[in-house]
Amino acid sequence: MSVLSSPTIKMRKIDGPVGVEIVGVDLSRDLDDDTFRAIDQIYNTNPVVVVREQKLTPAQQVAFSRRFGELEIHVLKQYLLAGHPEILVISNIVDENGKLIGLADGGRVCVWHTDMSYLERPSRGSMLYAIEVPERDGIARGDTQFADTATAYEALSQETKRKLKGLKAIHRMTKGYDATSKSSGERLAYTAEQRKENPERAHPIVRTHPATGRKCIYLNPLCVVGIEGVPDDESEPLLQELYEHCTRPEFVYRHRWRKGDLVMWDNCAAQHLATMDYALPLTRLMHRTTLAGTVPF
Ligand code: SIN
Numbered sequence: 027m028s029v030l031s032s033p034t035i036k037m038r039k040i041d042g043p044v045g046v047e048i049v050g051v052d053l054s055r056d057l058d059d060d061t062f063r064a065i066d067q068i069y070n071t072n073p074v075v076v077v078r079e080q081k082l083t084p085a086q087q088v089a090f091s092r093r094f095g096e097l098e099i100h101v102l103k104q105y106l107l108a109g110h111p112e113i114l115v116i117s118n119i120v121d122e123n124g125k126l127i128g129l130a131d132g133g134r135v136c137v138w139h140t141d142m143s144y145l146e147r148p149s150r151g152s153m154l155y156a157i158e159v160p161e162r163d164g165i166a167r168g169d170t171q172f173a174d175t176a177t178a179y180e181a182l183s184q185e186t187k188r189k190l191k192g193l194k195a196i197h198r199m200t201k202g203y204d205a206t207s208k209s210s211g212e213r214l215a216y217t218a219e220q221r222k223e224n225p226e227r228a229h230p231i232v233r234t235h236p237a238t239g240r241k242c243i244y245l246n247p248l249c250v251v252g253i254e255g256v257p258d259d260e261s262e263p264l265l266q267e268l269y270e271h272c273t274r275p276e277f278v279y280r281h282r283w284r285k286g287d288l289v290m291w292d293n294c295a296a297q298h299l300a301t302m303d304y305a306l307p308l309t310r311l312m313h314r315t316t317l318a319g320t321v322p323f
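Here the sequence shown is numbered in the working numbering, starting from 27 and rising by one per residue.
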């Protein structure tokens, strides 16, 4: 791994085609402006940023996340951390009444997605902090994979790029949840009010990254229900082709979690996928903060 220097902190490439690791920083502290700016710059220019060996209380995670701006409060209110609504609990742990304490399957049983793309201003990025990591035979379970959607865009043929020009995909918050709740009575359901608050939104499929200007494929298999103005029999094969293209191995980094990792990803320049290869009594507990974003263009 090569070590690159920045004025205040260090970063190094990680073992994968996308992402970097920041080393030598303690995110529980009140970071000086230079250090924060260096982290922000790294985050803006890398779809995935890993920071290991952190010890963060919920308040410290929220404080660090807030340095980047406003935070989203997730619509699934039942999984917000008591006293810290900016934190979405992602966990398979159940309480004494047998109720899940968090969202058990971040991303609805392992579907590639980007967070909160159904908003008018979809989330800029998410920060996931590992408190408990399931392990079997000394090997961590519950990896998360990240796909680089900017490099994926650049690798498209000129013909496909032309075809995508001006197209908008329609994002529906409940697509994945509705699909799985039909086959399983235990799936959580969005309330009528939550659905009303979050109507379908159309966003450009080719989205310009607000900080770097790079073009990204902005799709979300978990939420996209079609392409505006394009009949399903034409849009479906195109969407499938793009989903497969985005997640080709050469664009994907697989993160093997360790307790104390904070992983920050960019919701424009990356899609992510959780791995459900563990179950109780193995437990996984993560805290996610979600940064507010801007209108896609
Ligand atoms: C998420 O989709 O936000 C969480 C991913 C994970 O649990 O690995």
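The C-beta atom is built at its ideal place from N, Cα and C for all residues, glycine as well.
Here the structure is a predicted model, which means the values were calculated and not measured.
Rounded straight-line distance, which links the Cα of residue j to that of residue i
| i | j | result |
| --- | --- | --- |
| Arg-310 | Glu-276 | 28 Å |
| Lys-222 | Asp-204 | 15 Å |
| Arg-233 | Asn-70 | 15 Å |
| Leu-264 | Ser-54 | 44 Å |
| Val-256 | Val-250 | 13 Å |
| Leu-190 | Ile-231 | 7 Å |
| Leu-30 | Val-115 | Note on Leu-30: pLDDT 49, under 50, position unreliable in the model; no value is reported. |
| Gln-80 | Leu-248 | 30 Å |
| Asp-259 | His-229 | 20 Å |
| Arg-314 | Thr-61 | 22 Å |
| Gly-168 | Glu-158 | 10 Å |
| Gly-239 | Ala-295 | 11 Å |
| Ala-89 | Pro-225 | 30 Å |
| Met-142 | Arg-162 | 32 Å |
| Thr-320 | Gly-124 | 38 Å |
| Gly-94 | Ala-173 | Per the sequence shown, the amino acid found at residue 94 is Phe instead of Gly. Near 22 Å, if we compare the C-alpha coordinates of Ala-173 and Phe-94. |
| Cys-242 | His-235 | 7 Å |
| Tyr-244 | Glu-180 | 13 Å |
| Ala-237 | Gly-151 | 12 Å |
| Arg-227 | Ala-130 | 26 Å |
| Val-137 | Leu-299 | 6 Å |
| Asp-59 | Tyr-304 | 40 Å |
| Met-153 | Glu-98 | 12 Å |
| Val-120 | Glu-96 | 30 Å |
Top-ranked residue by Cα proximity to residue i, from the options
| i | options | result |
| --- | --- | --- |
| Val-75 | Pro-230, Ser-183, Lys-36 | Lys-36 |
| His-197 | Ile-119, Ala-89, Pro-322 | Pro-322 |
| Thr-175 | Gln-297, Ile-40, Glu-47 | Gln-297 |
| Thr-273 | Trp-283, Arg-284, Asn-246 | Asn-246 |
| Thr-217 | Ile-165, Ile-113, Val-256, Gln-104 | Gln-104 |
| His-100 | Ile-113, Leu-126, Asp-259 | Ile-113 |
| Ala-166 | Thr-320, Arg-280, Asp-59 | Arg-280 |
| Glu-267 | Ala-178, Lys-285, Gln-220 | Ala-178 |
| Gln-171 | Leu-82, Pro-43, Gly-109 | Pro-43 |
| Asn-72 | Val-88, Arg-78, Arg-38 | Arg-38 |
| Leu-106 | Arg-93, Met-312, Asn-123 | Met-312 |
| Ala-156 | Gly-319, Met-290, Asp-303 | Met-290 |
| Lys-285 | Gly-192, Ile-40, Val-77, Val-46 | Val-77 |
| Asp-52 | Glu-219, Asp-41, Gly-45, Ile-65 | Ile-65 |
| Leu-193 | Gly-151, Ser-261, Leu-154 | Ser-261 |
| Gln-220 | Asp-56, Val-46, Leu-102, Glu-98 | Leu-102 |
| Ser-11 | Gly-45, Met-302, Leu-57 | There is simply no residue 11 to check, as the chain begins at 27 and stops at 323 in what is shown. |
| Thr-301 | Asp-121, Pro-160, Glu-98 | Pro-160 |
| Ile-253 | Met-153, Ala-195, Leu-154 | Ala-195 |
| Ile-40 | Val-278, Asp-59, Thr-83 | Val-278 |
Residue burial classification, residue i (beta-carbon count within 10 angstroms, cutoff 16)
| i | result |
| --- | --- |
| Asp-287 | buried |
| Glu-270 | exposed |
| Asn-293 | buried |
| Thr-200 | buried |
| Gly-128 | buried |
| Arg-188 | exposed |
| Glu-67 | A quick correction: the sequence has Gln, not Glu, at residue 67. Classification for Gln-67: exposed. |
| Gly-164 | exposed |
| Ala-85 | exposed |
| Thr-316 | buried |
| Pro-148 | buried |
| Pro-87 | For the sequence presented, residue 87 should be read as Gln rather than Pro. Looking at its Cβ environment, which holds 16 or more other Cβ atoms inside 10 Å, Gln-87 is buried. |
| Thr-140 | buried |
| Leu-306 | exposed |
| Asn-118 | buried |
| Gly-133 | Note that Gly-133 scores a pLDDT of 48, beneath 50, so its modelled location is shaky and nothing firm can be said. |
| Ala-108 | exposed |
| Ser-183 | exposed |
| Arg-282 | exposed |
| Pro-111 | exposed |
| Glu-47 | buried |
| Gly-6 | One cannot answer for residue 6 here, as it falls past the ends of the chain, which runs 27 to 323. |
| Glu-146 | exposed |
| Glu-185 | exposed |
| Gly-211 | Note that Gly-211 has pLDDT 46, beneath the 50 cutoff, so the model's placement of it is unreliable and no number is given. |
| Glu-122 | exposed |
| message | So within the stretch 251-313, which uninterrupted alpha helix (DSSP H) runs reach at least 4 residues, ignoring any that extend past its ends? | response | Complete alpha helix (DSSP H) runs here, min 4: 258-272.
| said: I'd like the ranges of any beta strand (DSSP E) spanning at least 3 consecutive residues and lying wholly in the stretch 149-198. | reply: As far as the stretch 149-198 is concerned, its whole beta strand (DSSP E) runs of at least 3 residues are 151-158, 170-174, 194-197.
| Which runs of the alpha helix (DSSP H) spanning at least 4 residues fall entirely within the stretch 62-110, listed in chain order? | Scanning the stretch 62-110 for uninterrupted alpha helix (DSSP H) segments of 4 residues or longer gives 84-92, listed from N- to C-terminal end.
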